[in-house]
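Each remark here refers to the structure printed beneath this line.
Residue numbers (this note's numbering): 184 to 455.
Structure representation (structure tokens):
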């Protein structure tokens, strides 16, 4: 994994914004200096500290790659023009500015000394791309994928009715659970040529998860995805009941600060 070559803006020990930013982003950095650099506006360039322009450049490329991949796999019937149009909408400055505002990045940005700059939508959008670049350098493509899906793709999908079908909802679920994209395969074709029926199977993380039939492969895939969602919901409910506290009947502890909850280490009991 390539490493950042700019001088880090500040160490985590001297930058109080780091913990607040990690909470907002829902990601804990191993290399805190990357996040500190991502939160430095270009106006700090003359202070001998790294600013976020290079991370913004990298984050823009990573964002476009991940959104392109997501759309290519999720919109199988769309042509190049439709894919490009949707990618443009999902990665445009206005979209990223909304994300930046929700993440409160404008409040966390550091500007140059003596420059009392109010955060603008452009600054917030640039900060989002810089954070994507920082996450990529810190945790690799998997971490960047999770970040982009959680903060950009998922939010966009919620507002777009085109993603309300079972295939899209299954794709949403598997990506959120870091299971990759679902895949489909044809199991059987029956009936005469003018009235064929197709049976499709959907695989999640390489394992068969549901089947569906239909008068077209697309319709059969939708039915298979719907069955898979039902199975996954049932499995999640069963897992939840198993992890309930035997004393209080409550679900296992979850994080409330936006970051993954860390497992508690068991402490051996002392012998009497």
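For glycine and all other residues, C-beta sits at the position ideal for the given N, C-alpha and C.
DSSP, read as helix, strand or coil, puts residue 361 in coil.
By the neighbour-count criterion, in which a residue is buried when 16 or more other Cβ atoms sit within 10 angstroms of its Cβ, residue 388 is exposed. Residue state for residue 284 is assigned as helix, using DSSP reduced to three classes. Separation of residue 331 and residue 314 (C-alpha to C-alpha, rounded to the nearest whole angstrom) is 10 Å.
Residue range 236-257 is occupied by the alpha helix (DSSP H) that includes residue 242. With 16 or more other Cβ atoms from the protein chains shown falling within 10 Å of its own Cβ, residue 219 counts as buried. With fewer than 16 other beta carbons inside 10 angstroms of its own, residue 275 counts as exposed.
Rounded to whole angstroms, the Cβ separation of residue 327 and residue 249 is 7 Å, and the two are in contact under 8 Å. Between residue 213 and residue 364, the C-beta spacing is not below 9 Å. Counting along the chain, no alpha helix (DSSP H) covers residue 396; the unbroken beta strand (DSSP E) around it starts and ends at 390-397. Between the segment 251-270 and the segment 315-325 there are fewer than three inter-stretch CB-CB distances shorter than 8 Å, so the stretches are not counted as touching. Two segments are said to touch when three or more pairs of C-beta atoms, one from each, lie closer than 8 Å; by this definition the segment 377-388 touches the segment 397-413.
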